[in-house]
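**Student:** First the structure, which I've put down as C-alpha cells, then a few questions once you've had a look.
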Amino acid sequence: MLTEVRPATSSPRRPAWLAVFADHRLFAVVLALAAGMRVVTMLGYRPARLYWYDSFTYLDTAVHLAPSGAFHPIGYSLLLRALWPFHSMELVAALQHLLGASIGVMIYAVLRRRSLPAWAAAVATVPALFDASFLQLEHAVLSDTLFTFLIVAGLTTLMWSPALSIRAAMGAGLLFAAAAVTRTIALPLIGVVLIVLAFQRAGLGRLLAVALAGTLPVVAYAAWYAAHNGRFALNEADGVALWARTMTFADCSIIKPPPSEAVLCPNGTVVDAASEYVWAPGASLNRLPGGRFANNALARSFAVRAILAQPFDYVRDVARDTSIAFAWTPVAHPKRVTPAFGWANGSWPLPEQPLIDKVRREYGSDIRGMSSVRPYSDFLIAYQYPAYLRGPLLGAILLVGAAGTVTRRRVALLPWMLAMGLLVGPVAVLDFDHRYVLPVIPPACLAAALALHALLGRSAPAGARSLDDLPPKIHGTTP
Numbered sequence: 117m118l119t120e121v122r123p124a125t126s127s128p129r130r131p132a133w134l135a136v137f138a139d140h141r142l143f144a145v146v147l148a149l150a151a152g153m154r155v156v157t158m159l160g161y162r163p164a165r166l167y168w169y170d171s172f173t174y175l176d177t178a179v180h181l182a183p184s185g186a187f188h189p190i191g192y193s194l195l196l197r198a199l200w201p202f203h204s205m206e207l208v209a210a211l212q213h214l215l216g217a218s219i220g221v222m223i224y225a226v227l228r229r230r231s232l233p234a235w236a237a238a239v240a241t242v243p244a245l246f247d248a249s250f251l252q253l254e255h256a257v258l259s260d261t262l263f264t265f266l267i268v269a270g271l272t273t274l275m276w277s278p279a280l281s282i283r284a285a286m287g288a289g290l291l292f293a294a295a296a297v298t299r300t301i302a303l304p305l306i307g308v309v310l311i312v313l314a315f316q317r318a319g320l321g322r323l324l325a326v327a328l329a330g331t332l333p334v335v336a337y338a339a340w341y342a343a344h345n346g347r348f349a350l351n352e353a354d355g356v357a358l359w360a361r362t363m364t365f366a367d368c369s370i371i372k373p374p375p376s377e378a379v380l381c382p383n384g385t386v387v388d389a390a391s392e393y394v395w396a397p398g399a400s401l402n403r404l405p406g407g408r409f410a411n412n413a414l415a416r417s418f419a420v421r422a423i424l425a426q427p428f429d430y431v432r433d434v435a436r437d438t439s440i441a442f443a444w445t446p447v448a449h450p451k452r453v454t455p456a457f458g459w460a461n462g463s464w465p466l467p468e469q470p471l472i473d474k475v476r477r478e479y480g481s482d483i484r485g486m487s488s489v490r491p492y493s494d495f496l497i498a499y500q501y502p503a504y505l506r507g508p509l510l511g512a513i514l515l516v517g518a519a520g521t522v523t524r525r526r527v528a529l530l531p532w533m534l535a536m537g538l539l540v541g542p543v544a545v546l547d548f549d550h551r552y553v554l555p556v557i558p559p560a561c562l563a564a565a566l567a568l569h570a571l572l573g574r575s576a577p578a579g580a581r582s583l584d585d586l587p588p589k590i591h592g593t594t595p
C-alpha cells in the first residue's frame with residue numbers, strides 16, 4: 117500500500133527580537149527584578165540621600181563650573197550640571213539607578229560574547245544588581261556610581277572583541293580618562309591597562325591609542341586646574357591624603373625630615389583611622405597656617421619621605437586596612453561610620469550650613485533631607501541583611517579570578533588586575549572605606565566567571581547562541 121508523501125514545509129521563522137529574547141530570557145528576568153528593586157528604593161526613600169559635605173560640594177561645582185581645589189575633581193559635577201535644568205534630586209537618583217542596572221548588562225554582555233552559558237553570565241551579575249549596598253550608593257548624590265559605570269564601560273570596550281581595534285582602544289582610553297576626572301584613583305588604572313595590554317601583545321598602535329586617549333583629557337583638565345588654582349594638578353589633596361596615610365606608622369626618629377617638614381611629624385594626636393587625620397583639628401597638618409590644602413605640597417614631600425624611610429611599615433598598614441574588606445561582619449572604620457545595613461526608618465534633615473542654603477538657591481529650591489516611606493522602606497530594611505556580599509565571599513571571588521590569571525590563556529587578567537587596583541589603591545593613598553570596595557565587585561565577578569569557564573574547560577553547548585552569533589544589525593560590531 118502506497119502512502120502519500122507530503123512535501124516538507126519549513127516552520128515560520130521567528131522575528132529577530134524574539135530570538136534575542138529567547139536566548140537571554142533568564143537574564144531578562146534577572147534584569148526585571150533588579151529594576152524592580154530600584155523602583156522600590158526610589159519609592160522607599162525620597163528624594164535621595166545627600167551627604168554633608170560631599171554632595172553639596174558636587175552640586176555647588178555643578179553650578180559654578182571650575183575645578184575644585186579640594187578632594188573632588190569635576191567629572192561627577194559635569195553630570196549634575198547636565199541635570200541642573202530639571203532641579204530634581206529624584207532625577208539624579210533615577211539616572212544613577214539606571215547606570216547601576218547598566219553595569220549588570222555590560223557584565224552579562226561581555227560574558228556571553230566570551231561564550232559563557234546564559235545562566236553563568238546571569239549569575240555573575242547578581243552582586244552588582246542586587247547587593248543592597250549598590251542600591252544605597254546609587255540613591256546617594258555621590259560620584260561612586262558614575263565612577264563604577266565608567267570603569268566597567270571601559271573594561272567592556274576593551275574586552276568586547278578578541279582582536280582589539282584602534283577605535284575600541286581609543287574609546288576605552290576616553291572612558292578611563294573620564295573616570296580619572298571623576299575620581300583620581302582611576303589615573304593609575306590607565307597604567308594598569310597599558311601594562312596588561314603590553315603583556316598580551318596588543319600592539320604598539322593600540323597601546324598608543326589607549327595612552328593618548330586616556331591621558332590627553334586628564335592633561336587638559338590639569339591645565340584648566342592650573343589656570344584656576346596655579347598648579348598643574350587634578351586637585352590640592354593628594355599630598356594631604358598620603359600624609360594622613362603615613363600618620364598610622366610615621367616615626368620621625370627614623371624618617372629624619374628636614375626642619376620645614378618636621379612640623380608634620382605625629383604630635384600625639386591619635387584617631388582610629390588614617391583618614392581621620394585629614395579632619396582631626398589637633399593633627400599637625402591642620403595646625404599649620406593656611407590649613408591642610410594650603411600645605412598640600414609640604415604634606416606630599418613628608419609622606420614620600422616617610423614611605424621611603426619605612427617601606428615595610430607602610431606595606432603592613434596598607435595590608436592591614438585592606439584586609440577589612442574580607443571580614444564577615446562589616447567593620448566600622450572609622451568607628452563613627454555605619455559600614456553597612458544603612459537603610460532605616462526616619463527622616464534625615466539637612467544641617468544648617470551656608471553652602472547648603474547656597475545650593476538650594478542656585479541648583480534647586482526643593483533640595484531637602486531624605487525621609488523613609490513605608491511599606492517600601494520596611495521591605496528594604498529587611499532585604500539589606502541577606503542581600504550583602506560578605507567579605508569572605510568577595511575574597512573567594514578574587515581568588516577564583518586570580519586562578520584565571522595564571523591559566524595558559526590568562527582570560528581573567530585584565531578585569532582581575534583592575535579589581536585589585538581598585539581594592540588596594542584607595543587604601544594605599546589614604547585609607548579603607550566600604551564605599552570604595554563596591555567598584556571592585558563588578559570587575560572581580562567578571563574575572564571570576566571567565567576564570568571558572570576557562571578552568572573547567574567548558575565551551576558553549578551545541579546549539580547555544582552567544583552574542584557573537586546574533587546578526588550585526590541587532591547587537592552591533594566592535595565598539
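One gets the numbering used here by counting positions in the sequence shown from 1 and adding 116 to each. C-beta: ideal position from N, C-alpha, C; glycine also. These numbers were taken from a predicted model, which means no experiment stands behind them.
(1) Taking the beta strand (DSSP E) that SER487 falls in, what are its first and last residues?
(2) According to the neighbour-count rule (16 or more other Cβ atoms, all chains shown, within 10 Å of its Cβ), is PRO508 buried or exposed?
(3) Could you tell me whether the Cβ atoms of LEU196 and ALA217 are closer together than 8 Å?
(4) How about VAL516 and ALA570: are their beta carbons less than 8 Å apart?
(5) Determine the DSSP secondary structure at ALA240, reduced to helix, strand or coil.
(6) Based on the DSSP secondary-structure assignment, which residues constitute the bridge partners of ARG165?
(7) When you compare the CB positions of THR521 and TRP532, do they come within less than 8 Å of one another, or not?
(8) Report buried or exposed for ASP433, applying the criterion of at least 16 other Cβ atoms within 10 angstroms of its Cβ.
(9) By the DSSP assignment, the alpha helix (DSSP H) with PHE495 in it spans what residues?
(10) Alpha carbon to alpha carbon, how far is LEU245 from THR273?
(11) Return the first residue and the last residue of the alpha helix (DSSP H) that TRP532 is part of.
(12) Which class does TRP200 belong to by DSSP, given the choice of helix, strand or coil?
(13) Who are the near neighbours of PRO163 in its chain, counting only those whose CB is closer than 6 Å to its CB and skipping five residues on each side?
(14) Sort ALA329, ASN461, GLY480 by Cα distance to ILE497 and report the nearest one.
(15) Report the rounded CA-to-CA distance for ALA248 versus GLN500, giving the unit in angstroms.
(16) Let me know the alpha helix (DSSP H) ranges lying completely inside the stretch 369-426, each 4 residues or longer, listed in chain order.
(17) Have a look at PRO541 and ALA240 and give me their C-alpha separation to the nearest angstrom.
(18) Going by the beta-carbon positions, is the gap between GLY287 and ILE306 smaller than 8 Å?
(19) When DSSP builds the beta bridges, which residues end up paired with SER463?
(20) Are the beta-carbon atoms belonging to THR298 and LEU266 less than 8 Å from one another?
(21) Going by alpha carbons, who is nearest to LEU262 out of LEU554, THR157, ALA518, ALA366?
(22) Quick one: residues in its chain with C-beta nearer than 6 Å to the C-beta of HIS213, no 5 flanking neighbours on either side, listed in chain order?
(23) Count the other CB atoms within 10 Å of the CB of VAL356; is the residue buried (16 or more) or exposed (fewer)?
(24) Helix, strand or coil: which one does DSSP assign to SER193?
(25) Would you mind working out which of SER391, PRO333, PHE442, LEU159 sits nearest MET486, comparing C-alpha positions?
(26) With 16 other CB atoms within 10 Å as the buried threshold, where does GLU468 fall?
(27) Can you tell which of PRO373, CYS368, PRO375 has its C-alpha closest to the C-alpha of GLY384?
(28) Counting only the same chain and skipping the five closest in sequence on each side, list residues whose C-beta sits under 8 Å from that of TYR601.
(29) Leaving out five residues before and five after LEU237 in sequence, what residues of the same chain have Cβ atoms less than 6 Å from its Cβ?
(30) When you compare each of LEU291, ILE483, VAL447 to ASP388 by their alpha carbons, which one comes out closest?
(31) My guess is that LEU539 and THR438 are in contact by the Cβ rule of under 8 Å, so how many angstroms apart are they, rounded?
(32) Runs of 4 residues minimum, wholly inside the stretch 255-323: which ones carry the alpha helix (DSSP H) assignment?
(33) Under the three-state reduction of DSSP, which class applies to ARG551: helix, strand or coil?
(34) Identify which residue in PRO427, THR362, GLY152, ALA456 has its Cα closest to the Cα of ALA441.
(35) Given a threshold of 16 other Cβ atoms within 10 Å of its Cβ, counted over all protein chains shown, does TRP444 qualify as buried or as exposed?
(36) I believe LEU303 touches ALA296 by the beta-carbon criterion, under 8 Å. Please report the beta-carbon distance rounded to the nearest angstrom.
**Tutor:** The structure says:
(1) Reading the sequence shown from its first residue, position 371 is the one you call residue 487. Run containing SER487: 486-488, per the beta strand (DSSP E) assignment.
(2) Locating residue 508 in the sequence shown gives position 392, where the first residue counts as 1. Burial check for PRO508: the Cβ neighbour count within 10 Å stays below 16, so the residue is exposed.
(3) One-based indexing of the sequence shown puts residue 196 at position 80. One-based indexing of the sequence shown puts residue 217 at position 101. With contacts defined as CB atoms closer than 8 Å, LEU196 and ALA217 fail to qualify as a contacting pair.
(4) Position 400 of the sequence shown, counted from the first residue, corresponds to residue 516. Position 454 of the sequence shown, counted from the first residue, corresponds to residue 570. Between VAL516 and ALA570, the CB-CB gap reaches or exceeds 8 Å.
(5) Residue numbering aside, residue 240 sits at position 124 when the sequence shown is read from its first letter. Here ALA240 sits in helix by DSSP.
(6) Locating residue 165 in the sequence shown gives position 49, counting from the first residue. As DSSP reads the structure, ARG165 sits in a beta bridge with ALA256.
(7) For the purposes of this step, residue 521 is taken as residue 405 along the sequence shown, with counting starting at 1. For the purposes of this step, residue 532 is taken as residue 416 along the sequence shown, with counting starting at 1. It is a contact, given that the beta carbons lie within the stated cut-off.
(8) Stepping through the sequence shown from its first residue, residue 433 is reached at position 317. By the neighbour-count rule (16 or more Cβ atoms within 10 Å), ASP433 is buried.
(9) What you label residue 495 is simply residue 379 of the sequence shown in a count that begins at 1. Counting along the chain, the unbroken alpha helix (DSSP H) around PHE495 starts and ends at 492-499.
(10) As a first step, residue 245 must be located in the sequence shown, where it is residue number 129. As a first step, residue 273 must be located in the sequence shown, where it is residue number 157. Roughly 20 Å separates the two Cα atoms.
(11) In the sequence shown, residue 532 corresponds to position 416, counting from 1. Per DSSP, TRP532 belongs to the alpha helix (DSSP H) from 529-545.
(12) Within the sequence shown, numbered from 1, the residue matching residue 200 stands at position 84. It is helical.
(13) Position 47 of the sequence shown holds residue 163. The residues are MET205, GLU206.
(14) Position 381 of the sequence shown, counted from the first residue, corresponds to residue 497. With distances taken between Cα atoms, ILE497 lies closest to ASN461.
(15) Along the sequence shown, read from residue 1 onward, the residue named residue 248 stands at position 132. Along the sequence shown, read from residue 1 onward, the residue named residue 500 stands at position 384. Those two C-alpha atoms are separated by around 5 Å.
(16) Complete alpha helix (DSSP H) runs here, min 4: 375-378, 412-425.
(17) Position 425 of the sequence shown, counted from the first residue, corresponds to residue 541. Position 124 of the sequence shown, counted from the first residue, corresponds to residue 240. First, the residue type needs correcting, since residue 541 is Gly and not Pro in the sequence shown. Their backbone Cα atoms lie some 24 Å apart in a straight line.
(18) The count along the sequence shown starts at 1 and reaches residue 287 at position 171. The count along the sequence shown starts at 1 and reaches residue 306 at position 190. Pairing GLY287 with ILE306 gives a Cβ-Cβ distance that is not under 8 Å.
(19) Taking the sequence shown and counting its residues from 1, one reaches residue 463 at position 347. Looking at the DSSP output, SER463 bridges to SER487.
(20) What you label residue 298 is simply residue 182 of the sequence shown in a count that begins at 1. What you label residue 266 is simply residue 150 of the sequence shown in a count that begins at 1. Result yes, Cβ atoms of THR298 and LEU266 sit closer than 8 Å.
(21) Position 146 of the sequence shown, counted from the first residue, corresponds to residue 262. When each option's Cα is compared against that of LEU262, the closest is LEU554.
(22) Locating residue 213 in the sequence shown gives position 97, where the first residue counts as 1. So the list reads ARG154, GLU254, once near-sequence residues are dropped.
(23) Locating residue 356 in the sequence shown gives position 240, where the first residue counts as 1. When all chains shown are included, VAL356 counts as buried.
(24) Counting from 1 along the sequence shown, the entry for residue 193 is found at position 77. The answer is helix: DSSP assigns SER193 an H, G or I state.
(25) Position 370 of the sequence shown, counted from the start, is the residue given in the question as residue 486. Ranking SER391, PRO333, PHE442, LEU159 by CA distance to the CA of MET486 puts LEU159 first.
(26) Against the sequence shown, residue 468 aligns to sequence position 352. With fewer than 16 Cβ atoms within 10 Å of its Cβ, GLU468 is classed as exposed.
(27) For the purposes of this step, residue 384 is taken as the residue at position 268 of the sequence shown. Of the listed residues, the one whose Cα sits closest to GLY384 is CYS368.
(28) Any property of residue 601 remains undetermined from this structure, which presents the chain solely from 117 to 595.
(29) Start at 1 with the first residue of the sequence shown, and residue 237 comes out as number 121. Here residue 237 turns out to be Ala, not Leu, going by the sequence shown. Cβ neighbours of ALA237 beyond the five flanking positions: TYR224, LEU227, ARG228.
(30) Counting from one through the sequence shown, the residue named residue 388 turns up at place 272. Nearest option by C-alpha distance: VAL447.
(31) Numbered from its first residue, the sequence shown carries residue 539 at position 423. Numbered from its first residue, the sequence shown carries residue 438 at position 322. Separation of the CB atoms of LEU539 and THR438 is rounded to 6 Å, and the pair is thereby assigned contact status at 8 Å.
(32) You should have 260-275, 282-296, 303-315.
(33) On the sequence shown, position 435 is the one that residue 551 refers to. Three-state result, ARG551: helix.
(34) As a first step, residue 441 is located in the sequence shown; it is residue number 325 there, counting from the start. Its Cα nearest to that of ALA441, the residue ALA456 stands out among PRO427, THR362, GLY152, ALA456.
(35) Within the sequence shown, numbered from 1, the residue matching residue 444 stands at position 328. TRP444 should be labelled exposed.
(36) Against the sequence shown, residue 303 aligns to sequence position 187. Against the sequence shown, residue 296 aligns to sequence position 180. Contact between LEU303 and ALA296 holds, since their C-beta atoms are separated by about 4 Å, short of 8 Å.
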